[in-house]
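Participant: Be aware that the sequence shown starts at 115, since it is given in this note's numbering, and climbs by one per residue.
One structure, as structure tokens, below. Some questions next.
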Amino acid sequence: MSILEISGISKTYGSLYALQDISFAVEPGEWVSIMGSSGSGKSTMLNMIGLMDKPTSGEIRIDGIVTSTLSPRKLTEIRRDKIGLVFQQFHLIPHLTALENVMVAQYYHSMPDEKEALAALARVGLEGRAKHLPRQLSGGEQQRVCIARALINYPALILADEPTGNLDEANEGIVLELFQELHREGHTIIMVTHAPEVGELAERQIRLEHGVIKEIRTPLPAAEYANPGIRQPQRSI
């Protein structure tokens, strides 16, 4: 079963199409990039997949669940349980430490577990920065805290919105290597980016132009990633 199924979705604002008749699926363990210039519709697409906005028409299934008819409360539950979000702007709470920022995600999902949150920070190489506030961390370190926060509840799908957009070259390399490691472990990743060198790290690239899919590139044979039995993400962070 596909982790994500997009079937004929469109998003309109008045008479203008932000997205038009978009269809594709994402399989377990796949890394897909959604690419395009500013105004192409890629951020709108991410908002649809992340259940932060609804399409005007069409259907979105996440882990087999049809989302179009669900209540706001149920959508929140699915987003909490199924999706890990990594933002370009980090969205860390400034008066909380790195450890506490990770534990906030646990609070909304289950009981906070400091040991598990520390393991998540160790997974991204930040066990020594657990007690630091966001202002005491570099941009790359803040982004890695965001990734730890996204991983803490073992999501079926990791959504990353321009995750290297605010980083210098050195930190970009660290963060991208971390995403490559997560992919090798079997995590399912959808990454929105305008940068070709970032998007081309994915197994498949979906290019948007004016709200329409213009190209889908699959550098690897489909059999290498379409079979859910090839890789399964480990529960340990």
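Virtual Cβ for every residue (Gly too), placed ideally from N, Cα, C.
Determine the contact status of histidine 385 and glycine 150, defining contact as a CB-CB distance below 8 Å.
Facilitator: Because residue 385 is not part of the residues shown, which for the chain are 115 to 351, the question remains open.
Participant: DSSP on valine 238, reduced to helix/strand/coil?
Facilitator: Counted from its first residue, the sequence shown places residue 238 at position 124. It is coil, neither helix nor strand.
Participant: Taking valine 259 as the reference, which of Gln319, Ala236, Glu228 and Trp145 has the closest Cα?
Facilitator: Taking the first residue of the sequence shown as position 1, residue 259 is located at position 145. Checking every option, the nearest Cα to that of valine 259 belongs to Ala236.
Participant: So, at 6 Å on beta carbons, what are the nonlocal neighbours of isoleucine 125 in its own chain, with the 5 sequence-adjacent residues on each side left out?
Facilitator: Taking the sequence shown and counting its residues from 1, the one referred to as residue 125 is at position 11. Checking the displayed sequence, the identity of residue 125 turns out to be lysine instead of isoleucine. Around lysine 125: Ala132, Leu133, Thr158, Pro169 and Thr170.
Participant: In its own chain, which residues sit with a C-beta less than 6 Å from the C-beta of glycine 287, not counting the 5 before and 5 after it?
Facilitator: In the sequence shown, residue 287 corresponds to position 173, counting from 1. Here the set comprises nothing.
Participant: Identify whether leucine 273 lies in helix, strand or coil by the three-state DSSP scheme.
Facilitator: For this step, residue 273 is matched to residue 159 along the sequence shown. Three-state result, leucine 273: strand.
Participant: Could you name the residues of the same chain whose beta carbon sits closer than 8 Å to that of leucine 189, not counting the 5 residues immediately before and after it, in chain order?
Facilitator: Translated into the one-based positions of the sequence shown, residue 189 becomes position 75. Only Leu165 and Thr181 meet the Cβ criterion.
Participant: Which of the three DSSP states is assigned to phenylalanine 204 in this structure?
Facilitator: For the purposes of this step, residue 204 is taken as residue 90 along the sequence shown, with counting starting at 1. Of the three classes helix, strand and coil, the one that applies to phenylalanine 204 here is coil, per DSSP.
Participant: Comparing C-alpha positions only, which one of Gln257, Phe138 and Gly300 sits nearest to isoleucine 330?
Facilitator: Position 216 of the sequence shown, counted from the start, is the residue given in the question as residue 330. Measuring from the Cα of isoleucine 330, the nearest candidate turns out to be Phe138.
Participant: Select from Gly254, Gly122, Met115 and Ile266 the residue whose C-alpha is nearest the C-alpha of threonine 278.
Facilitator: Within the sequence shown, residue 278 is the residue found at index 164, counting from 1. Of Gly254, Gly122, Met115 and Ile266, the residue nearest in Cα terms is Gly254.
Participant: Using DSSP with H/G/I as helix, E/B as strand and the rest coil, what is methionine 166?
Facilitator: Numbered from 1 along the sequence shown, position 52 holds the residue referred to as residue 166. Methionine 166: coil per DSSP, three-state reduction.
Participant: From what residue to what residue does the beta strand (DSSP E) around leucine 133 run?
Facilitator: In the sequence shown, residue 133 corresponds to position 19, counting from 1. Where leucine 133 is concerned, the enclosing beta strand (DSSP E) stretches over 130 to 140.
Participant: Please report the distance separating the alpha-carbon of glutamate 144 from that of serine 252.
Facilitator: Sequence index remark: in the sequence shown, residue 144 carries index 30 (1-based). Sequence index remark: in the sequence shown, residue 252 carries index 138 (1-based). C-alpha separation (whole angstroms): 29 Å.
Participant: For the beta strand (DSSP E) containing arginine 331, list its first residue and its last residue.
Facilitator: Here residue 331 refers to the residue found at position 217 of the sequence shown. Per DSSP, arginine 331 belongs to the beta strand (DSSP E) from 326 to 331.
Participant: Quick check on the burial criterion: 16 or more other C-beta atoms within 10 angstroms. Buried or exposed for isoleucine 179?
Facilitator: Residue numbering aside, residue 179 sits at position 65 when the sequence shown is read from its first letter. Burial call: exposed.
Participant: Check for me: the alpha helix (DSSP H) holding threonine 190 runs from which residue to which?
Facilitator: Counting from 1 along the sequence shown, the entry for residue 190 is found at position 76. Run containing threonine 190: 186 to 196, per the alpha helix (DSSP H) assignment.
Participant: I'd like to know whether the C-beta atoms of glutamine 319 and serine 152 end up nearer to each other than 8 Å.
Facilitator: For the purposes of this step, residue 319 is identified with residue 205 of the sequence shown, where counting begins at 1. For the purposes of this step, residue 152 is identified with residue 38 of the sequence shown, where counting begins at 1. Cβ distance not < 8 Å, so glutamine 319 and serine 152 don't count as in contact.
Participant: Could you check if histidine 297 is buried or exposed, using at least 16 other CB atoms within 10 Å of its CB as the buried criterion?
Facilitator: Working through the sequence shown from its first residue, we reach residue 297 at position 183. It counts as buried.
Participant: Output the boundary residues of the beta strand (DSSP E) element that contains glutamate 323.
Facilitator: What you label residue 323 is simply residue 209 of the sequence shown in a count that begins at 1. Unbroken beta strand (DSSP E) run through glutamate 323: 318 to 323.
Participant: Helix, strand or coil for threonine 158? Go by DSSP, reduced to three states.
Facilitator: The residue labelled residue 158 in the question sits at position 44 within the sequence shown. Of the three classes helix, strand and coil, the one that applies to threonine 158 here is helix, per DSSP.
Participant: Which two residues bound the contiguous alpha helix (DSSP H) that contains glycine 313?
Facilitator: On the sequence shown, residue 313 is found 199 positions in, with the first residue counted as 1. Looking at the DSSP string, the run of the alpha helix (DSSP H) that includes glycine 313 is 310 to 313.
Participant: Hey, out of Ile176, Gln220, Tyr127 and Met162, whose CA is closest to isoleucine 302's CA?
Facilitator: Taking the first residue of the sequence shown as 1, we reach residue 302 at position 188. The question names isoleucine, but residue 302 in the sequence shown is threonine. Cα-wise, what sits closest to threonine 302 is Ile176.
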